[in-house]
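Residue numbers (my numbering): 606 to 1068.
C-beta atoms are modelled at their ideal positions from N, C-alpha and C, and glycine is treated no differently.
What you are looking at is a predicted structure, and each value in this text was computed from that prediction instead of being measured.
Only one structure is covered here, and it is reproduced in the block below.
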Amino acid sequence: MKRTLIKHVLESDQIGGRVKVAGWVRTRRDSKGGFSFLELNDGSSFAGVQIVVPGEIENYESEILNVTIGSAVAVTGELVESPGSGQRVEIHAGNVHVYGYADPDDYPLQKKQIGFERLRELAHLRPRTNTFGAMARVRNALAYATHRFYQERDFLYLHTPMITASDAEGAGEMFQVTTLDVGAPPRVDDAVDYSQDFFGRPTFLTVSGQLEAEAYALALDRVYTFGPTFRAENSNTRRHLAEFWMIEPEVAFADLSDNADLAEAYVRYLFQYILDHCSTDLEFFNKWVDDGLLARLDSIASADFRRITYTDAVEVLSKAEVAFDYPVDWGVDLQSEHERYLTEVAFEQPLIVTDYPSDIKAFYMRRNDDGKTVAAMDVLVPGVGEIVGGSQREERHDVLYESIVAKGLPVDDYWWYLDLRRFGSVPHAGFGLGFGRIVQFATGMQNIRDAIPFPRTPNSAEF
Ligand code: 4AD
Ligand code: MG
606 MKRTLIKHVL ESDQIGGRVK VAGWVRTRRD SKGGFSFLEL NDGSSFAGVQ
656 IVVPGEIENY ESEILNVTIG SAVAVTGELV ESPGSGQRVE IHAGNVHVYG
706 YADPDDYPLQ KKQIGFERLR ELAHLRPRTN TFGAMARVRN ALAYATHRFY
756 QERDFLYLHT PMITASDAEG AGEMFQVTTL DVGAPPRVDD AVDYSQDFFG
806 RPTFLTVSGQ LEAEAYALAL DRVYTFGPTF RAENSNTRRH LAEFWMIEPE
856 VAFADLSDNA DLAEAYVRYL FQYILDHCST DLEFFNKWVD DGLLARLDSI
906 ASADFRRITY TDAVEVLSKA EVAFDYPVDW GVDLQSEHER YLTEVAFEQP
956 LIVTDYPSDI KAFYMRRNDD GKTVAAMDVL VPGVGEIVGG SQREERHDVL
1006 YESIVAKGLP VDDYWWYLDL RRFGSVPHAG FGLGFGRIVQ FATGMQNIRD
1056 AIPFPRTPNS AEF
């Protein structure tokens, strides 16, 4: 018989019909009357289905009474209305096949409440908990909504390389990729001889697909990437990962204001989408993880973001009656504490901060006429701070060249990027949204390590 996913069984009106389900047991209760209840979950929905197993089935004593939390079973039986208050329907088992037991002396997910830190050491089993099942479903919905949003707007999905020779952010925070023997690399004079490396040159895992996305936007008008990016920054914070997924749209013939409009529309679309499609999972997070979550998602989905310049933001921060760990002065980079003050205390809503000092931003951002600032933008949200970083790009060849040199970057490496400014250059703009951060925000999870299946952070890459 064909298997039905539990989420479809729970919605089914085929009372009296035969169904087959399979999944992992969450609880087993034995009744005095000589039968048992199993709660079975297959991850297709937050709720599991209740199975009533009569004592008469042939493997009841030999197998069913050895089924414990975490065991995997398949059940064939009759769908009936449930007399219990917890569920609309349940299954009266005619046959239970046990695929795999989970020895209760060893299986770690016995207790109802296990701390998130402990669960990170059980990254291979945590998908079987309520929280991580819900996280995975919300994450999936946000990914699907991302493709829908861009596809509906005629953006082309672009796959940019993960191995690269150029530092897209110019920040030097890259993991090196090599097939040389790191213990004894070939040398010429004192330097490593990279001509013998796989690519004949030093290569790295990319920090961003932006530079390649620009090449395609300057031919196909509007593109977006959605792939993994890597940063070897040693930031052991609750919002940094060494490997994270990023969505990077890039649009030709667009300026900073068009870019801010797109980012705002996208973020609001994501939240509206999960409010419409993940209500049970979000209600769980609202109840157990962050009781302001639903109200916050609702308000962000339905209200305009506020836009202010960096200069005005610094003004607000310098008047704040709070002692920041990092003092604020025009020219400093905004720290997470500043971002959160602005969006949580000063304005109590998402903000788009624009026109940052050129000294603290990447080489590719378009220089403003004041000579001091660039056409940058960050989207800040309560709880997380920056979720989007982007800019209008410097489309003027000579200004870009100067900026690369002024930042001390190896200008020869950027020859092809500069070429884009020599042939048919146009104003263009784009941004990057950190997927882990949006999942963190959408679930209310405190730590980004709990917003991705297998987090990569300093000293942690076991699974
Ligand atoms: O602000 P960032 O560094 O911008 C870029 O990479 C640009 N190339 C994007 C573009 O214009 N196409 O990173 C973009 C976003 C941040 O706003 C943040 O949400 C996320 O990526 N991010 C991280 N998320 C998790 N862990 C990290 N270490 C992150 N670094 C950035
Ligand atoms: Mg940034």
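Distance cut-off 7 Å: G1041 Cβ against heavy atoms of the ligand MG: In this structure, G1041 has its CB at a distance of at least 7 Å from all heavy atoms of the ligand MG.
Work out the CA separation of Q997 and Q781 for me, nearest whole Å. Approximately 29 Å, taken between the alpha carbons.
May I have the straight-line CA-CA distance separating F929 from R844, to the nearest angstrom? Whole-angstrom Cα-Cα distance: 19 Å.
Under DSSP, the beta strand (DSSP E) around R692 begins and ends at which residues? Sequence check: residue 692 is Gln here, not Arg. Element bounds for Q692: n/a, residue is neither H nor E.
Buried or exposed: which applies to N1064, given that a residue is buried once 16 or more other Cβ atoms fall within 10 Å of its Cβ? When all chains shown are included, N1064 counts as exposed.
Return yes when at least one heavy atom of the ligand GTP lies under 7 Å from the C-beta of L1023, else no. Among the ligands present in this structure, namely the ligand 4AD and the ligand MG, the ligand GTP is not found.
So if DSSP puts Y706 in a beta bridge, which residue, or which two residues, is it bridged to? Per DSSP, none; premise fails for Y706.
Using 7 Å as the cut-off, classify the Cβ of D983 as near or not near the heavy atoms of the ligand MG, replying yes or no. Result yes, Cβ under 7 Å from the ligand MG.
Which ranges would you report for the alpha helix (DSSP H) in the segment 781-823 if only whole runs of at least 4 residues count? Within the segment 781-823, no complete alpha helix (DSSP H) run reaches 4 residues.
From the DSSP secondary-structure annotation, give me the bridge partner or partners of V933. Note: V933 sits in no beta bridge, so no partner.
Where the beta strand (DSSP E) containing R827 begins and where it ends: Looking at the DSSP string, the run of the beta strand (DSSP E) that includes R827 is R827 to F835.
Out of curiosity, what's the CA-to-CA distance linking I992 and D1018? Each residue's Cα considered, the two are about 29 Å apart.
Given 7 Å as the limit, tell me if R873 has its C-beta closer than that to any heavy atom belonging to the ligand 4AD. Not a single heavy atom of the ligand 4AD lies less than 7 Å from the C-beta of R873.
Where the beta strand (DSSP E) through M982 begins and ends: Taken as a continuous stretch (DSSP letters only), the beta strand (DSSP E) holding M982 covers A981 to V986.
Enumerate in chain order the residues of its own chain whose CB-to-CB distance from D975 is below 8 Å, with the five nearest sequence positions on each side excluded. Taken in chain order, the list of residues that qualify is empty.
Three-state secondary structure (DSSP) at S996? Strand, per DSSP.
Using a threshold of 7 Å, is the CB atom of G691 nearer than that to any non-hydrogen atom of the ligand MG? Relative to the ligand MG, the beta carbon of G691 is positioned no closer than 7 Å to any heavy atom.
Does the CB of V984 have a neighbour CB from chain C at under 8 Å? Note that chain C does not occur in the displayed structure, where there is just one protein chain.
Give me whichever residues DSSP pairs with I852 in a beta bridge. Answer by DSSP bridge pairing, in chain order: F831 and L1038.
Should the segment 751-761 be regarded as contacting the segment 828-848, the criterion being three or more beta carbon pairs within less than 8 Å? The segment 751-761, when compared against the segment 828-848, does touch it at the 8 Å Cβ threshold.
To the nearest angstrom, report how far apart F803 and S649 are at their CA atoms. The straight-line gap from Cα to Cα measures roughly 43 Å.
How is E726 classed by DSSP in three states: helix, strand or coil? Here DSSP, grouped into helix, strand and coil, assigns E726 to coil.
Can you look up L761 in the DSSP assignment and give me helix, strand or coil? In this structure, DSSP gives L761 an extended state, which the three-state scheme calls strand.
Have a look at T673, A820 and A773 and flag the residue whose alpha-carbon is nearest the alpha-carbon of Y706. Ranking T673, A820 and A773 by Cα distance to Y706 puts T673 first.
Answer yes or no: do I852 and F876 have a C-beta to C-beta separation smaller than 8 Å? Not closer than 8 Å, so no.
Would you be able to state if there are at least three C-beta pairs under 8 Å between the segment 664-678 and the segment 624-636? A contact exists between the segment 624-636 and the segment 664-678.
Reduced DSSP category for D635 - H, G, I as helix; E, B as strand; rest coil: Looking at D635 - three-state DSSP - the assignment turns out to be strand.
What residues in its chain sit with their C-beta under 6 Å from that of V894, if we drop five residues either side in the sequence? G1049, listed in sequence order.
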